[in-house]
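Heads up: the sequence lines are chains D and F, in that order.
0 is the number of the first residue of the first sequence in the working numbering; add one for each residue after it.
115 is the number of the first residue of the second sequence in the working numbering; add one for each residue after it.
Step one of this worksheet: look at the structure below.
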Amino acid sequence: MSTHQLPEHPDFLWHNPEPKSSYDAVIVGGGGHGLATAYFLAKNHGMTNIAVLEKGWLAGGNMARNTTIIRSNYLWDESAAIYEHALKLWEILPEELEYDFLFSQRGVMNLAHTLGDVRESIRRVGANKLNGVDAEWLEPDQVKELCPILNISDNIRYPVMGATYQPRAGIAKHDHVAWAFARKCDELGVDIIQNCEVTGFLKDGNRVVGVKTNRGTINTEKVGLCAAGHSSVLAEMAGFRLPIQSHPLQALVSELHEPVHPTVVMSNHVHVYVSQAHKGELVMGAGVDSYNGYGQRGSFHVIEHQMAAAVELFPIFARAHVLRTWGGIVDTTLDASPIVGLSPVENMFVNCGWGTGGFKGTPAAGLTFAHTIATGTPHKLNKPFALERFETGALIDEHGAAAVAH
Amino acid sequence: MLLISCPNCGSRDETEFHYGGQAHVPYPENPNDLNDREWAEYLFYRANTKGTFAERWVHSTGCRQWFNMLRDTVTYDIQAVYPMGTPRPASAAPAPESGTASLAPDSTTTGTAGPSVSATSSASTTAPKGATK
Ligand SMILES: Cc1cc2nc3c(=O)[nH]c(=O)nc-3n(C[C@H](O)[C@H](O)[C@H](O)COP(=O)(O)OP(=O)(O)OC[C@H]3O[C@@H](n4cnc5c(N)ncnc54)[C@H](O)[C@@H]3O)c2cc1C
Ligand SMILES: [Zn+2]
Numbered sequence: 000m001s002t003h004q005l006p007e008h009p010d011f012l013w014h015n016p017e018p019k020s021s022y023d024a025v026i027v028g029g030g031g032h033g034l035a036t037a038y039f040l041a042k043n044h045g046m047t048n049i050a051v052l053e054k055g056w057l058a059g060g061n062m063a064r065n066t067t068i069i070r071s072n073y074l075w076d077e078s079a080a081i082y083e084h085a086l087k088l089w090e091i092l093p094e095e096l097e098y099d100f101l102f103s104q105r106g107v108m109n110l111a112h113t114l115g116d117v118r119e120s121i122r123r124v125g126a127n128k129l130n131g132v133d134a135e136w137l138e139p140d141q142v143k144e145l146c147p148i149l150n151i152s153d154n155i156r157y158p159v160m161g162a163t164y165q166p167r168a169g170i171a172k173h174d175h176v177a178w179a180f181a182r183k184c185d186e187l188g189v190d191i192i193q194n195c196e197v198t199g200f201l202k203d204g205n206r207v208v209g210v211k212t213n214r215g216t217i218n219t220e221k222v223g224l225c226a227a228g229h230s231s232v233l234a235e236m237a238g239f240r241l242p243i244q245s246h247p248l249q250a251l252v253s254e255l256h257e258p259v260h261p262t263v264v265m266s267n268h269v270h271v272y273v274s275q276a277h278k279g280e281l282v283m284g285a286g287v288d289s290y291n292g293y294g295q296r297g298s299f300h301v302i303e304h305q306m307a308a309a310v311e312l313f314p315i316f317a318r319a320h321v322l323r324t325w326g327g328i329v330d331t332t333l334d335a336s337p338i339v340g341l342s343p344v345e346n347m348f349v350n351c352g353w354g355t356g357g358f359k360g361t362p363a364a365g366l367t368f369a370h371t372i373a374t375g376t377p378h379k380l381n382k383p384f385a386l387e388r389f390e391t392g393a394l395i396d397e398h399g400a401a402a403v404a405h
Numbered sequence: 115m116l117l118i119s120c121p122n123c124g125s126r127d128e129t130e131f132h133y134g135g136q137a138h139v140p141y142p143e144n145p146n147d148l149n150d151r152e153w154a155e156y157l158f159y160r161a162n163t164k165g166t167f168a169e170r171w172v173h174s175t176g177c178r179q180w181f182n183m184l185r186d187t188v189t190y191d192i193q194a195v196y197p198m199g200t201p202r203p204a205s206a207a208p209a210p211e212s213g214t215a216s217l218a219p220d221s222t223t224t225g226t227a228g229p230s231v232s233a234t235s236s237a238s239t240t241a242p243k244g245a246t247k
């Protein structure tokens, strides 16, 4: 694993301008997706008279609460295309943004614990290869070789029967990613406005012409929603609905340890995923809390359950301690795929539904959503993820059946 | 962990229950008459309220009965527990003491409280299964 030092923390990376009375486009939400969208609007489409409005602080939502797993080994062609495009962007972004955010391609393993898992996993490896995504099937002894601390014996409740492995997958430092985008946005002339909550929209007929905020009204020709867990709330303000349910999703870290965990291990079946951060914390997450929630916290039994799974798979974790737990609000859809594209309101565009797994998609979401906002038309990579799919039935079902712990 | 007052069994840990999503979603009266847009609304669109939300729960490891609940989705405070098939209480009063909620027969298939739409194959109205990422 990468052991190099974290970069020095600079004094400041962006200005904090007062909102202007009008912009060519306004992005709602200063998480990874909003910032990446603004960056690509400025860089690829020359739209620099734009603003990112964030109700709290930059990246204070899911962006700096996620477990930072980046991979592209999704089952369906549409997903493989957009997530693999994202992964290719991750590979060049540190240089392009001139910011080393410690993207570490240490590989991601998705464990199989049942015959059903095994079959689905091997199927997915095949599908990945056909889509040009690096993927391998590992037998249990190969799993052990790659990650020696994993218990592959068959005296546990759900023995490890193998795993899929994507070598180019990995983790990155999420807050640094946000700062990297924010600094470039600022350099390109984008206004990043924190503590600016959007409270309503101004419309002329069915066309959006401005946003109301706690810091005054802002006129704009175009609005891009990147509000993750709050997408439904904003859509309602604008007068339309989204097929999204917001749930708490929790994660936790241990105290710092020597490097013991060389890769990223995910188990959909026993519900845990684990990596070791650059500094040494074990970083773990699991599934969402079942109920709808906007509280940025969930129930403790979910954490208990994920700890039980972690300790069974990694016996040495029994001696570690939970240092910190937290939650974010994730915007889930029924097919576990995002919604990106046009909305029922003219000149308003939506990027949401990334749910539990949208960090990895950040660069491609930004690139394609910027295209959609600038041109008013879908990008070929986000076209299949349009809102209409819930009407046409062309769902992109990326649920756990694919052993893709989404 | 939520502490939920089952109308039949009293206060129990959340782990004894399963979540059923938004309450009061009636099954279409004339399914054959629905167009694609209306089917999409019925199958995939649910309220995603920030604030007081009427939702269904089932006491799966207890009496196995469904009931409705008003819960604040920000504070997670439970404001009312009431039987399936009865209208949403007008005010979001504090939760009744356990056992005081009506024991009216459960009704998951009639009245305004529609049954789960889990018959939609891969789609389920509740949280997606599986770990995340
Ligand atoms: C615990 C956890 C673990 C996760 N792990 C992973 C992982 O390992 N890999 C992965 O790929 N994904 C993961 N995810 C998912 C990923 O974090 C999200 O899909 C992604 O961050 C969403 O995009 P975002 O960064 O733009 O969201 P956010 O950072 O949530 O940005 C949305 C922003 O909108 C702002 N906003 C909301 N309403 C308004 C308003 N009215 N006005 C102004 N601003 C508003 C919010 O304050 C917020 O800052 C995880 C999520 C969580 C919670
Ligand atoms: Zn009961």
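Cβ coordinates follow ideal geometry from the N, Cα and C atoms, glycine included.
Owing to the predicted nature of the structure, the values given are computational and were not obtained by experimental measurement.
{"Asked": "Between which two residues does the beta strand (DSSP E) harbouring Gly-326 (chain D) extend?", "Found": "321-331"}
{"Asked": "If you measure beta-carbon to beta-carbon, which residues of the stretch 288-310 of chain D are closer than 7 Å to chain F?", "Found": "Ser-289, Tyr-290, Asn-291, Gly-292, Tyr-293, Gly-294, Ser-298, Phe-299, His-300"}
{"Asked": "If you draw a straight line from the C-alpha of Thr-222 (chain F) to the C-alpha of Val-197 (chain D), how long is it?", "Found": "With a pLDDT of 33 at Thr-222 (chain F), under the threshold of 50, the modelled position of this residue cannot be trusted, and the question is left open."}
{"Asked": "Could you work out which residues of chain F lie near Phe-239 (chain D), taking near to mean beta carbons separated by less than 8 Å?", "Found": "Simply none; closest approach about 10 Å."}
{"Asked": "Taking 8 Å as the CB-CB limit, is Ile-243 (chain D) close to chain F?", "Found": "yes"}
{"Asked": "One question on the structure: do Thr-331 (chain D) and Ala-171 (chain D) come within less than 8 Å of each other, judged by their Cβ atoms?", "Found": "no"}
{"Asked": "Going along chain F in order, which residues have a C-beta closer than 7 Å to the C-beta of Ser-231 (chain D)?", "Found": "Asn-162"}
{"Asked": "When the cut-off is 8 Å and only beta carbons count, does Leu-333 (chain D) lie next to chain F?", "Found": "yes"}
{"Asked": "Assuming Lys-305 (chain D) is part of the beta strand (DSSP E), what are its boundary residues?", "Found": "Inspection of the sequence shows that residue 305 (chain D) is occupied by Gln rather than by Lys. Per DSSP, Gln-305 (chain D) belongs to no beta strand (DSSP E); it is in the alpha helix (DSSP H), 299-312."}
{"Asked": "Taking Cβ-Cβ distances below 7 Å as the criterion, which residues of the stretch 138-159 of chain F are in contact with chain D?", "Found": "Asp-150, Arg-151, Ala-154, Phe-158, Tyr-159"}
{"Asked": "Reducing DSSP to helix, strand and coil, say where Val-232 (chain D) ends up.", "Found": "helix"}
{"Asked": "At what residues does the beta strand (DSSP E) containing Gln-136 (chain F) begin and finish?", "Found": "132-136"}
{"Asked": "Quickly, what does DSSP pair Gly-188 (chain D) with across the bridge? List them, please.", "Found": "Answer is none; Gly-188 (chain D) lacks a bridge partner."}
{"Asked": "What does a CB cutoff of less than 7 Å around Ser-235 (chain F) pick up in its chain, not counting 5 residues either side in sequence?", "Found": "Since pLDDT at Ser-235 (chain F) reaches only 33, below the 50 mark, its modelled position is unreliable, and the value read off the structure follows with that caveat. Nothing meets the Cβ criterion."}
{"Asked": "Ignore the nearest five residues each way along the sequence and tell me which others in Ala-385 (chain D)'s own chain have a CB closer than 8 Å to its CB.", "Found": "Ile-338, Val-339, Gly-340, Leu-341, Pro-377"}
{"Asked": "Taking C-alpha atoms, which residue in F:Tyr-133, F:Ser-125, F:Tyr-156, F:Glu-130 lies nearest to Tyr-141 (chain F)?", "Found": "F:Tyr-156"}
{"Asked": "Where does Met-120 (chain D) fall in DSSP's three states?", "Found": "Note that residue 120 (chain D) corresponds to Ser in the displayed sequence, not to Met. Helix at Ser-120 (chain D)."}
{"Asked": "Please report the distance separating the alpha-carbon of Asn-63 (chain D) from that of Gly-29 (chain D).", "Found": "In the sequence on display, residue 63 (chain D) carries Ala and not Asn. Approximately 11 Å between the Cα atoms of the pair."}
{"Asked": "Please list, in chain order, the residues of the stretch 258-281 of chain D that have any C-beta partner in chain F closer than 8 Å.", "Found": "Met-265, Ser-266, Asn-267, His-270, Val-271, Tyr-272"}
{"Asked": "What would DSSP say about His-270 (chain D), mapped onto helix, strand or coil?", "Found": "coil"}
{"Asked": "Spatial neighbours of Val-310 (chain D) within its chain, please: C-beta separation below 8 Å, excluding the five flanking residues on both sides.", "Found": "Phe-316, Ala-317"}
{"Asked": "Classify Leu-110 (chain D) as buried or exposed, calling it buried when 16 or more other Cβ atoms lie within 10 Å of its own Cβ.", "Found": "buried"}
{"Asked": "Could you have a look at Ala-24 (chain D) and say whether DSSP puts it in helix, strand or coil?", "Found": "strand"}
{"Asked": "Residue range of the beta strand (DSSP E) that Lys-382 (chain D) falls in?", "Found": "Where Lys-382 (chain D) is concerned, there is no enclosing beta strand (DSSP E), given that its DSSP letter is neither H nor E."}
{"Asked": "Are the beta-carbon atoms of Ile-372 (chain D) and Gly-223 (chain D) separated by less than 8 Å?", "Found": "yes"}
{"Asked": "For ligand 2, which residues have a Cβ under 5 Å from at least one heavy atom, in chain order?", "Found": "F:Cys-120, F:Asn-122, F:Cys-123, F:His-173, F:Gly-176, F:Cys-177"}
{"Asked": "Within 7 Å: the Cβ of Asn-144 (chain F) and any heavy atom of ligand 1?", "Found": "no"}
{"Asked": "With 16 as the cutoff for other CB atoms within 10 Å, does Ala-218 (chain F) come out buried or exposed?", "Found": "Low confidence applies to Ala-218 (chain F): its pLDDT is 35, below 50, so where it sits in the model is not reliable enough to give any reading."}
{"Asked": "Answer with yes or no whether the minimum CB distance from Arg-178 (chain F) to chain D is below 8 Å.", "Found": "no"}
{"Asked": "Cβ-heavy atom distance between Ala-85 (chain D) and ligand 1 below 7 Å?", "Found": "no"}
{"Asked": "At a Cβ threshold of 8 Å, is Val-327 (chain F) touching chain D?", "Found": "There is simply no residue 327 (chain F) to check, as chain F begins at 115 and stops at 247 in what is shown."}
{"Asked": "Could you check if His-260 (chain D) belongs to the surroundings of ligand 1, using beta carbon to heavy atom distance under 7 Å?", "Found": "no"}
{"Asked": "Write down every uninterrupted run of the alpha helix (DSSP H) in the stretch 23-64 of chain D whose length is 4 residues or greater and which is fully enclosed by it, in chain order.", "Found": "31-44"}
{"Asked": "Which of helix, strand or coil does DSSP assign to Trp-136 (chain D)?", "Found": "strand"}
{"Asked": "Please list, in chain order, the residues of the stretch 368-391 of chain D that have any C-beta partner in chain F closer than 8 Å.", "Found": "Phe-389, Glu-390, Thr-391"}
{"Asked": "Ser-78 (chain D) to Leu-129 (chain D), Cα distance in whole Å?", "Found": "13 Å"}
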